[in-house]
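Contents: one structure, followed by commentary.
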Amino acid sequence: MKNVLIFGATSAIAEATAREYALKGCNLFLVARNTEKLETIATDLKVRGATDTAYAQLDINELQQHQSILELANSKWGDIDLVLIAHGTLPDQQACEASVEQSLDEIKTNALSTISLLTLLGNQFEQRKSGAIAVITSVAGDRGRQSNYVYGSAKAMVSTFLSGLRNRLAKSNVQVLDIKPGFVDTPMTAEFDKGPLWAQPQDIAKAIVKSVEKNRNIAYAPFFWWGIMMIIRNIPEFIFKKLKL
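Read in order, the letters of the sequence shown are residues -5 to 239 in this note's numbering.
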């Protein structure tokens, strides 16, 4: 990978992944809302080995701006080889239960904005017949749980969209990677109690880079979440609905 485009570039996992690609001497185009943080990260990545960096400010829910950002990124160094979509929010489930508007806002941020980007990227990469698209979803999308089903349903929507896009683009030599992290110690989860199942952003970053290199389709990160979620997915519904998860 030479030219890498990252959406949600100021998130902990995205920044850690950008550092991995900086060590490989890649060009990195960063997109996020906070221009000041983007500038700081871009400067740091140059020090860490990136050949070149650039950045652009975007509120991901401004869907009408997606096409222009993609055009800007492609005009910088030529065709983008890898796109990582890493933005997202962790909604307050109880607040979403009390507000249709808030539920829909969270679904727009965590699902619809990503689907907008994927639609544009799918057409672009299909025409080129090359490239890789990687999206951070979540193990929460594997089965709805009372504690976070608004977030989980948004991630499930993206995973299903990725499955169809992967099926469509396979004949065009385009990788479509669904990254499903479990618990990750980031600013977004700062208020949660941590335990042995929690990973660090750099652990997820290394898994992303490895999964892209190995042309994988779905990657649970860390890997043991595959087994955990297989068990959770297969709990009979008459038992599952009595659990407090």
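All C-beta atoms, glycine included, are put in the ideal place defined by N, C-alpha and C.
Since we're looking at a predicted model, the values are computed, not measured.
Closest in C-alpha terms to T113, from the list H60, I130 and I101, comes H60.
Here L239 is exposed, its C-beta having fewer than 16 other C-beta atoms within 10 Å. With a cutoff of 7 angstroms on beta-carbon distance, A126 and L76 are scored as near each other.
Bounds of the beta strand (DSSP E) holding N21 are N21 to A26. Within the model, the alpha-carbon separation for R139 versus G146 is close to 8 angstroms. DSSP, read as helix, strand or coil, puts T4 in coil. Partner residues in the beta bridge of I127, as assigned by DSSP, are V77 and V170. Nearest in C-alpha terms to Q118, of all of P216, S205 and G72, is G72.
Cβ atoms of L171 and R210 come within 8 angstroms of each other, at about 6 angstroms. With respect to A8, A80 sits close: the two C-beta atoms are nearer than 7 angstroms.
In the three-state reduction of the DSSP assignment, N228 falls in the coil class. Distance between R42 and F232, taken at the CA atoms: about 52 angstroms. Taking C-beta atoms under 8 angstroms as the contact rule, V133 and W192 fail to qualify, at a distance of about 13 angstroms.
The way I'd put it, the segment 197 to 215 does touch the segment -4 to 14; three or more beta-carbon pairs between them come closer than 8 angstroms. The segment 20 to 70 contains, as complete beta strand (DSSP E) runs of 3+ residues, the segments 21 to 26 and 46 to 51 (chain order).
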